[in-house]
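Chains A, B and C supply the protein sequences, listed in that same order.
So for the first sequence, my numbering puts the first residue at 104; every next one is plus one.
So for the second sequence, my numbering puts the first residue at 977; every next one is plus one.
So for the third sequence, my numbering puts the first residue at 3; every next one is plus one.
Following: one structure in structure tokens, then a few remarks.
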Amino acid sequence: MYSFKYQLAKSVADASAFVAKNSDAKLLAGGQSLIATMKLRLSQPSDLVDLGALAELRGIKVAGNTVTIGAMTRHAEVAASAEVKKAIPALASLAWSIGDRQVRNMGTIGGSVAHNDPAADYPSAVLALDATVTTNKRKIAADQFFKGMYETALEPGEIITSVSFPCPKRAAYMKFKNPASRYAIVGVFVADTGKAVRVAVTGAAPCVFRVAEMEKALSAKFAPESVASIAVPEKGLNSDLHAKADYRAHLITVMAKRAVAAAL
Amino acid sequence: MSATNFIGQSVKRKEDYRFLTGEGTYTDDVVLPRQTHACFVRSPHAHAKIRKIAKDKALKAPGVVAIFTGEDIAAAKVGGLPCGWLITDVNGAPMKEPPHPVLAQGKVRYVGDHVAVVIAESIEQARDAADLLETDYEVLPAVVNASVARAQGAPVLHDIAPDNTCYVWGIGDKAAVDKAFASAHHVTTLEFVNNRLIPNAIEPRAANAQYSRSDESYTLYVANQNPHVERLLMTAFVLGLPEHKVRVVAPDVGGGFGSKIYLYAEDVVLTWAAKQVNRPVKWTAERAESFQSDAHGRDHVTRAELALDREGRFLGMRVMTTANVGAYLSTFASCVPTILYATLLAGQYTTPLIYCEVTAVFTNTAPVDAYRGAGRPEATYVVERLVETAAREMNLEPAEIRRRNFIRQFPYQTPVALQYDTGNYEATLAEAIQAADVAGFPGRKAEAAKRGKLRGLGYACYIEACGIAPSNIAGSLGARAGLFEAGEVRVHPTGKVTVFTGSHSHGQGHETTFAQVVASRLGIAVEDVDIVHGDTGKVLFGMGTYGSRSIAVGGTAIVKALDKIVAKGRKIAAHLLEASEADIEFTDGVFRVAGTDKQAPFAQVSLAAYVPHNYPLDKLEPGLNENAFYDPTNFTFPAGSYVCEVEVDPETGSTQIVNFTAVDDFGKIINPMIVEGQVHGGLVQGIGQALTEACVYDTDSGQLVTGSMQDYCVPRADDVPSFRIGTKETPCTHNPLGVKGCGEAGAIGSPAALINALTDALGVRDLEMPATPQRVWRAANKKAA
Amino acid sequence: MTVKVSMSVNGKPVSGEVEERTLLVSFIRETLRLTGTHVGCDTAQCGACTVVMDGRAVKSCNMLAMQAEGAELVTIEGIAEPDGTLHPMQEAFRQHHGLQCGFCTPGMVISAIDLLKNTPNPTEREIREQLDGNLCRCTGYHNIVKAIAAAAQTGGGVLRR
Ligand SMILES: Cc1cc2nc3c(=O)[nH]c(=O)nc-3n(C[C@H](O)[C@H](O)[C@H](O)COP(=O)(O)OP(=O)(O)OC[C@H]3O[C@@H](n4cnc5c(N)ncnc54)[C@H](O)[C@@H]3O)c2cc1C
Ligand code: FES
Ligand code: FES
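See below:
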């Protein structure tokens, strides 16, 4: 790891101001993605601003029809939360499927969403549930948030403070894991909000994306067979050692079908 | 059973307490006063000329103590790494042995090849400085695939091997085999790849080298499976140091599986550098370095044919294999795809004629050497895939075709050099079929089909040659070392015992198993015996642990020393009891005068040996301490039958192993608990090979694609099932314990069983390992790769 | 360049002056010389470095020492009773031969305790699935799974501290 300067953030405002001023400074949440890349000398921040002590960024609130999760809430906390399990069970089970027990004990929702790893799980839930990402500056709708591989709408110094998920009528997440890394080769989150159905796919492409054709078919009839013959085109999908594009395309359909079945 | 017979008992392990409480001492736990830290600068290219290395900037970095490159090593006349086995080409010429420098000499030949070492006060400082080392490369075209490397115009790695061929080696009577094929009723042919694997012991390789100016001695702490061999190779062949001035300590070692047998460049460089900087130099591999530079395993491409008569009896076997040995010859690289492979092609069967030809090829990849099983998994895969496929093609039950061909008369001379002393193959197969409930399989298959799942069942009946090895036979086959083992039994005055063994334990539990043997023989408690291993400063000599040899060879050496102890004890007892030596019996730890109640317990005899007041000093030396060296007269031949049942989800290609039954015949078993543990571990490594593990190099750039655990899948707990284990005991006929060895069996038999089950489930003829979900999905749905 | 870091380890307050880039595992192994916590990989996969921080199992190789400032840590050296009596999980590993080379063992034992804390009566499937943060290359997991199942009946999910 290259050397850097470390500071513990005293407030969101301070942290934001510091990172905005110092372009090579980075926020540190759970560190499960950031420290890992720094250890391999793939990332060389000048400073790390640790959000670990900011209590206001932690916690789960359910108000009316919305579950709001503080940015520094750990995956394990979301997975174990009785409130989340009740309001959006698919979200709790998604959190449970992230990495392993130890990683879930450190990693945070804010870090995951900000990092926008192409194979991360949370982005699919954010997108499918039409969640809102709240930062210290504004509220960003899911459809506007994920911009590309490791890219988001966040501006320099902008800090995610929480993510709010409207409770769907029914939803489910199906993940086909990379056998080695256990990230998603394909993860499909299907949510029926009552008004509309949204289908978000992670792992398959450089960035999480929605499948309009599946959404349309499911809005007409929310049943596995509605998506069984809808194939996402291979073009633009990731192709690697573990899964070539055609296999990924096929898995999207299978996982979508199974997610719908699980949501019923 | 007598109170002091511990053979066959699941005694809990003596080593566990320290490991469970964090008190183990692995190499990286060793901290020496004034130690420095080394970072190896490795080649980022698969094949390149080194034009220039500029040290100046790096030397100025904070904390840097020294930087050495190939030039420094050459100037100091440090030798290259030797290969321990000479293979002779079919045309009578010796194999090509290109120099294997410890730091590259003008050229790098694989990603991870050693270019320089940076030594600094802390490891982070060493890494910071390594980043500043300026190396100018002229990148050359690379070749990673063995068949491509032999083609015209392929990039050439070593001048002495212009066709990249190390040797072409053959065994068997080719003309006779060809004739058998010509008249065969049926011929089964398969072509397959035996995938390249990266061992991944969870403890990375590590070393800490110390030089003492006062007596010009060296101490090397190293994660290694055979410290005496390490010392011998290093002193006699590479550094030219006086052997008695070098102590090699292999403390607790966190798994080896072959990868820690070899003398590696890092060990030599550290030892040499410790004198140059006159301070200890420590290095622990990062996992990325393990991936790049630990010796890899397997990597064969094979065309195999089996000739059968009308009844399914095997008439002949013809096997052509191309083995990728990597960029250089690692310590035992040359014998693994030849001696340890082709000699096992008879399997458990009476195949009368076998011909095997192996072409070993250099490529721009990490050196390939023995990995758990070493040659024998490759052989078993050839035999058992052929046999199962032949059975399907001839509409015979897979178990039946095996029964028709089992060897039943022992000793049995195979057509590929080995003589099996004993075996009972029918017994393990029958028990495996029973335990796996093969009879219920059709019902389970039908039930699975209702759920849209595909079930398959596969067998593998393996044999292995263990107890490596009779030195004279090994020598005649090209071994450049002896393969005996040494042991010393030191009886203390109070009758407690310390045993020094040349075997090395890195998970096998020798501290317990060997103590059980000693305690049983001497009639004392297991707690009264301690086993010392892994230190050339303490143990008289040793060839180490690999090839499932520890109990058969190392254990026997101890038994031989124990025999001497008892013989001397008998003399002492005769004197003490005023009887003739011929009348002294030794049972349950007590010397008795036959037919009387006169007796002297073991501790009384040992005390007399050290307090020789009433002692036959005119005839006998005081003390009770004996050595023995044991050189086996034959290999041992563990064998077994495995049955694997899988269920495939054809929609995703996921495979679940729903049942895995392993029935092994390891001869006499000392500690069933430990033996079962060895089988479990071996099975999972074999399952890993068959289902999840693949080392992949990019064919154009020669980069290692699977360079971390994020891409190379070491099996996790949920990838594998619990196992049904059974054992049969057909004692080995030529060692006093009747033992055969059990360390590799699981890894040898399981890949074939699994692929046989998967091809059965999918209704396909072949399936490449590892059978990843993607591959299985393609096979199930007839999709092109 | 250096910072002071303080925490409680196995019930004792400790502190050290370390480079900011020091990983928690390096602080434990090198500064505190508690070498039972191991390093088996560089991508946070093997779990050999697992320790308990404020009641939850974490991988000490994938976090900074500074991220544990003020925390309460338990390492493998703090699992047994002060008199050396093994913790029920350690005892179960011994009884069921859940270890061979011992290198994964400290992380495995700590992770297993955490597993039972969260899932007191796991099925075999649950044990296997929840061991996904720990690799063992020796045992094939068979006996580790058995040990954890047995420890579920003997208080294996409870930490003394
Ligand atoms: C072994 C392993 C397996 C894993 N498997 C999975 C998996 O299966 N699925 C999956 O989804 N993830 C997986 N992860 C990643 C894990 O979920 C991480 O926790 C997550 O990606 C990042 O969260 P973090 O809190 O650790 O963020 P950090 O690593 O601390 O930060 C990540 C990035 O986000 C930025 N950031 C952090 N917090 C904020 C904020 N509040 N506002 C703005 N920017 C912020 C940081 O500056 C940094 O650039 C795995 C990680 C490991 C080590
Ligand atoms: S060393 Fe921490 S997970 Fe491997
Ligand atoms: S016991 Fe060796 S890695 Fe687990």
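Beta carbons are placed, not taken as given, at the ideal position from N, Cα and C, and that holds for glycine.
If you're wondering where the values come from, they're calculated on a predicted model, not measured in any experiment.
For A:M141, the enclosing alpha helix (DSSP H) covers residues L137 to K142.
Residue environment for A:V357: buried (at least 16 other C-beta atoms within 10 angstroms of its C-beta). Taking one beta carbon from each stretch, the region 1753 to 1760 of chain B and the region 1169 to 1179 of chain B have fewer than 3 pairs nearer than 8 Å; the two do not touch. With respect to B:L1217, B:Y1194 sits close: the two C-beta atoms are nearer than 8 Å.
Residue state for B:T1165 is assigned as strand, using DSSP reduced to three classes. B:K1421: member of the alpha helix (DSSP H) spanning F1417 to K1426, first to last residue. A:S196 has a beta carbon lying at 8 Å or more from every beta carbon in chain B. Counting along the chain, A:F121 sits inside the alpha helix (DSSP H) bounded by residues V115 to K124.
The C-beta separation of B:Y1347 from B:N1732 comes to about 22 Å, leaving the pair out of contact by the 8 Å criterion. Between A:V181 and A:A198, the alpha-carbon positions lie close to 6 Å from each other. Sequence-distant Cβ neighbours of B:Q1575 in its own chain, meaning closer than 6 Å and more than five residues away, are V1566 and R1568. Judged by their CB atoms, C:L26 and C:M65 are nearer to each other than the 8 Å cut-off.
When DSSP reads this structure, B:W1061 sits in a beta bridge with B:A1455. For the region 65 to 92 of chain C, the residues whose beta carbon sits under 8 Å from a beta carbon of chain B are, in order, T77, I78, E79, I81, A82, G86, L88 and Q92. Residues of chain C whose Cβ lies closer than 7 Å to the Cβ of A:L143 are, in chain order, D44. At a cut-off of 8 Å between beta carbons, B:V1690 contacts chain C.
Look at C:T37: its C-beta is under 8 Å from a C-beta on chain B.
For B:C1142 and B:A1092, the gap between their C-alpha atoms comes out near 27 Å. T1748, P1749, Q1750 and W1753: these are the residues of the region 1742 to 1753 of chain B whose beta carbon lies less than 8 Å from some beta carbon of chain A, given in chain order. With a cutoff of 8 Å on beta-carbon distance, C:E32 and A:F107 are scored as not near each other. Below the 8 Å Cβ cutoff, chain C contributes T45 and Q47 as neighbours of B:Q1686, in chain order. Here DSSP, grouped into helix, strand and coil, assigns C:C63 to helix.
The distance from the Cβ of C:A149 to that of C:F95 is about 5 Å, consistent with a contact at the 8 Å cut-off.
Around the CB of A:S265, 16 or more other CB atoms lie within 10 Å, so the residue is classed as buried. Not one heavy atom of ligand 1 falls within 7 Å of the beta-carbon of B:D1694. Each of B:T1260, B:K1536 and B:S1556 was checked against the Cα of B:E1602, and the nearest Cα belongs to B:K1536. Rounded to the nearest angstrom, the gap between the Cα atoms of B:E1503 and B:A1441 is 33 Å.
Of all residues in the region 342 to 362 of chain A, those with a C-beta nearer than 8 Å to a C-beta of chain B are L344, H345, A346, K347, D349, Y350, H353, L354 and V357, reading in chain order. In this structure, B:P1203 lies away from B:H1482, with their beta-carbon atoms at least 8 Å apart.
Assignment of beta strand (DSSP E) within the region 1544 to 1625 of chain B, counting only whole runs of 3 or more residues, yields 1560 to 1563, 1566 to 1569, 1575 to 1577, 1601 to 1606 and 1615 to 1625 in chain order. For C:S10, no chain A residue has a Cβ inside 9 Å of its Cβ, as the nearest lies near 17 Å away.
By the criterion of at least three beta-carbon pairs nearer than 8 Å, the region 1330 to 1340 of chain B is in contact with the region 1293 to 1306 of chain B. Annotation: C:E32 has no Cβ neighbours in chain A at a cutoff of 8 Å; minimum Cβ distance is about 14 Å. Listed along chain B are G1653, H1656 and G1657, each with a C-beta nearer than 7 Å to that of C:T141.
The beta carbon of B:G1664 sits closer than 6 Å to the beta carbons of P1691 from its chain, once the five residues preceding and following it are set aside; these are given in chain order. At least one CB of chain A lies nearer than 8 Å to the CB of B:E1627.
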